[in-house]
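Residue numbers (our numbering), protein chains in the order written: chain D, 3 to 329; chain B, 6 to 288.
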């Protein structure tokens with residue numbers, strides 16, 4: 003059964019001098035008990051979509067239902083069944099303990115105090131910060147504050163929980179705990195977890211399905227495995243000397259559908275990751291690199307990642323796309 | 006017999022009421038805890054008004070006006086509320102917006118009005134001990150002559166707070182539209198209003214040293230009318246018969262500012278959903 007439904011959602015931001023289509027005819031459904039990932043570079047429209055689904059922003063056109071309630075007409079009902087957390091917000095009140103902060107947020111949903119106390123203990127145990135509960139917020143480390151932020155999103159026992167870049171800047175251990183919690187809450191407590199991220203590893207690790215979004219449009223929706231296996235084109239990684247950076251845009255190479263270049267200035271090396279039109283172009287790319295005076299130390303065909311799927315769809319990686327959006 | 010729709014309607018209403026009350030009470034409690042959790046706040050909010058009020062009481066005494074030392078002590082007791090309204094109340098939603106807390110409030114079923122009322126209640130309760138401390142210590146040190154507090158004093162005090170915090174609610178809504186300028190506006194408002202409202206001296210009435218035109222302007226500030234009424238009832242034993250114009254004006258100001266504040270707030274929230282600009286702190 004669908005817990006989140008979007009039908010032709012469009013959001014346009016207009017100023018006197020500019021018109022920006024942040025979401026363009028977006029449609030999808032997310033089921034109960036599903037961890038759904040919205041994967042795309044910064045500026046792709048992820049936050050706009052989450053804002054609309056959490057009733058913070060009105061769509062320009064289209065319709066969205068959360069838990070069966072219309073996000074425009076029944077905003078209050080939607081608000082009472084959702085949880086929400088973003089890495090960009092303040093966790094709570096600095097001079098108040100973590101426990102009191104969580105209790106405060108539970109009261110905004112009318113949760114009885116006894117129930118709130120039980121949930122605080124339960125969430126603190128799951129995210130392993132029980133010993134931090136009675137400390138004032140300003141004394142907590144960043145990792146614990148971030149875990150508290152995640153716990154806050156579950157405090158009202160929500161049907162659907164929205165996260166916007168939840169593990170951004172989080173330490174590895176905390177991020178692992180958080181990802182485990184997402185899966186557990188979806189599978190054990192039948193919640194829908196809606197996760198906007200640009201972290202490919204996270205999307206692959208926890209999401210049942212992923213929607214790839216770019217410039218306000220959903221380009222593909224499927225399980226991470228299916229998305230990767232749908233990429234029939236070969237992905238090849240060339241390890242070259244620093245001259246490899248001079249290529250700039252890998253699509254300039256003949257037979258390359260898309261790619262990324264990562265430069266390591268310390269070791270004076272470059273990693274050119276490309277998606278080839280087909281296997282036959284491998285030799286030709288090698289010759290082109292040599293012709294340009296680029297020394298290739300090693301090359302190998304590698305398993306595609308979700309970013310490769312993204313590259314195959316838009317021709318550029320997340321970083322390149324973000325740069326072009328900023329420009 | 007009640008219909009199913011009517012029962013459902015009652016259930017929804019009851020649930021909304023529970024959320025409203027819980028949101029307001031928890032916000033009030035958090036405000037009080039946060040106030041006293043910050044040692045610097047205690048120093049600034051108890052120590053500051055106490056020292057100013059004692060200094061002014063000494064001046065009154067040195068000038069041979071010992072009977073007026075009560076003005077300074079009363080001012081010390083009330084000034085904390087004024088500071089609280091401006092710095093904690095009016096600026097709060099703007100700070101919440103900038104820190105990203107505001108959209109957590111909006112994304113919850115709790116109405117912003119409940120949170121604002123809770124904030125006011127917490128501000129009043131949290132400021133009460135510091136206000137009482139100044140009044141008790143000042144009274145013990147200077148023994149100013151005053152009439153025993155009556156129901157009129159309680160009424161005027163409560164109406165003054167209501168009008169003052171109503172002003173806080175109105176400013177809080179208006180400040181949501183502003184960015185960092187809200188702090189500059191606070192800075193610009195604090196001293197002139199403290200002066201005009203006559204916290205430590207009578208700025209309106211027969212004892213006022215200010216020209217009539219300035220007194221007329223000062224009378225538009227709820228704190229001025231409240232301080233004037235408190236002084237007249239505490240130190241000159243005036244009752245309802247003499248103070249009714251102040252009481253009526255304070256009640257009208259309280260009602261108007263709360264109404265304006267809450268209306269502005271719902272307008273801003275609605276506009277924010279349309280334009281997205283209420284959530285500027287969000288990525």
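Glycine residues also receive a C-beta, built at the ideal position from the N, C-alpha and C atoms.
query: How would you list, in chain order, the residues of chain B whose beta-carbon sits under 9 Å from the beta-carbon of residue 86 of chain D?; result: 108, 109, 112 and 113
query: I'd like to know whether the C-beta of residue 19 of chain D is nearer than 8 Å to at least one C-beta of chain B.; result: no
query: Excluding five sequence neighbours on each side, which residues of the same chain lie with their C-beta closer than 6 Å to the C-beta of residue 245 of chain B?; result: 157
query: Check whether the stretch 267-286 of chain D and the stretch 237-248 of chain D touch, using three or more Cβ-Cβ pairs below 8 Å as the test.; result: yes
query: Any C-beta of chain B within less than 9 Å: which residues of the stretch 97-108 of chain D qualify?; result: 97, 98, 99, 102, 103, 105, 106, 107 and 108
query: Measuring CB atoms only, is the stretch 170-184 of chain D touching the stretch 108-121 of chain D, in the sense that at least three cross pairs come out at less than 8 Å?; result: no
query: What separation, rounded to the nearest whole angstrom, lies between the Cα atoms of residue 190 of chain D and residue 34 of chain D?; result: 11 Å
query: In three-state terms, what does DSSP make of residue 213 of chain B?; result: coil
query: Taking the continuous beta strand (DSSP E) assigned at residue 244 of chain B, which residues delimit it?; result: First-last for residue 244 of chain B: undefined, no H or E at that position.
query: Between residue 257 of chain B and chain D, is the shortest Cβ-Cβ distance under 8 Å, so that the two count as touching?; result: no
query: Contact check, residue 313 of chain D vs residue 239 of chain D under 8 Å by CB: the rounded distance?; result: That pair is no contact at about 13 Å.
query: Would you tell me roughly how many angstroms separate the C-alpha atoms of residue 30 of chain D and residue 216 of chain D, rounded to the nearest one?; result: 15 Å
query: Could you tell me if residue 323 of chain D is buried or exposed, where buried requires 16 or more neighbouring beta carbons within 10 angstroms of its beta carbon?; result: buried
query: State the beta-bridge partners of residue 273 of chain D as determined by DSSP.; result: D:241 and D:264
query: Could you tell me which whole beta strand (DSSP E) segments of length 3 or greater appear in the stretch 3-79 of chain D?; result: 4-16, 21-33, 37-41 and 63-68
query: Quick check on the burial criterion: 16 or more other C-beta atoms within 10 angstroms. Buried or exposed for residue 87 of chain B?; result: buried
query: DSSP three-state call for residue 259 of chain D: helix, strand or coil?; result: strand
query: For a contact defined as C-beta to C-beta under 7 Å, what are the partners of residue 56 of chain D on chain B?; result: 112
query: Report the rounded CA-to-CA distance for residue 197 of chain D versus residue 259 of chain D, giving the unit in angstroms.; result: 28 Å
query: Of the choices B:204, B:165 and B:224, whose alpha-carbon is the least far from that of residue 260 of chain B?; result: B:165
query: In chain D, which residues lie less than 7 Å from residue 27 of chain B when you measure between Cβ atoms?; result: 109 and 112
query: Entirely within the stretch 140-203 of chain D and at least 4 residues each: give me those alpha helix (DSSP H) ranges in chain order.; result: 144-156 and 174-190
query: Do you know how far the Cα of residue 72 of chain D is from the Cα of residue 325 of chain D?; result: 35 Å
query: Select from B:242, B:207, B:89 and B:39 the residue whose C-alpha is nearest the C-alpha of residue 74 of chain B.; result: B:207
query: Less than 8 Å separating the beta-carbons of residue 191 of chain B and residue 135 of chain B?; result: no
query: Just mark residue 241 of chain B as buried or exposed, buried being the case when its beta carbon has 16 or more other beta carbons within 10 Å.; result: exposed
query: Give me, in chain order, the residues of the same chain whose beta-carbon lies closer than 6 Å to that of residue 218 of chain D; leave out the 5 immediate sequence neighbours on both sides.; result: 23, 24, 25, 26 and 47
query: For residue 278 of chain B, which residues in chain D fall below 7 Å Cβ to Cβ?; result: 58, 59 and 60
query: Judging by CA-CA distance, which residue of D:43, D:6 and D:87 is the nearest neighbour of residue 80 of chain D?; result: D:6
query: Check whether the stretch 26-41 of chain B and the stretch 169-176 of chain B touch, using three or more Cβ-Cβ pairs below 8 Å as the test.; result: no
query: Any C-beta of chain D sitting closer than 8 Å to the C-beta of residue 33 of chain B?; result: no
query: As a quick exercise: from D:99, D:167, D:93 and D:157, pick the residue whose alpha carbon is nearest that of residue 147 of chain D.; result: D:93
query: Any chance you could list the alpha helix (DSSP H) runs of at least 4 consecutive residues sitting entirely within the stretch 132-192 of chain B, in chain order?; result: 156-180
query: To which residues does DSSP link residue 330 of chain D through a beta bridge?; result: Nothing about residue 330 of chain D can be reported from this structure: the residues present for chain D run from 3 to 329 only.
query: Closer than 7 Å, Cβ to Cβ, to anything on chain D: give me those residues from the stretch 40-55 of chain B, in chain order.; result: 42 and 43
query: Check the Cβ of residue 125 of chain B against every Cβ in chain D and list those closer than 9 Å, keeping chain order.; result: What residue 125 of chain B touches in chain D: nothing, since even the nearest Cβ is about 16 Å away.
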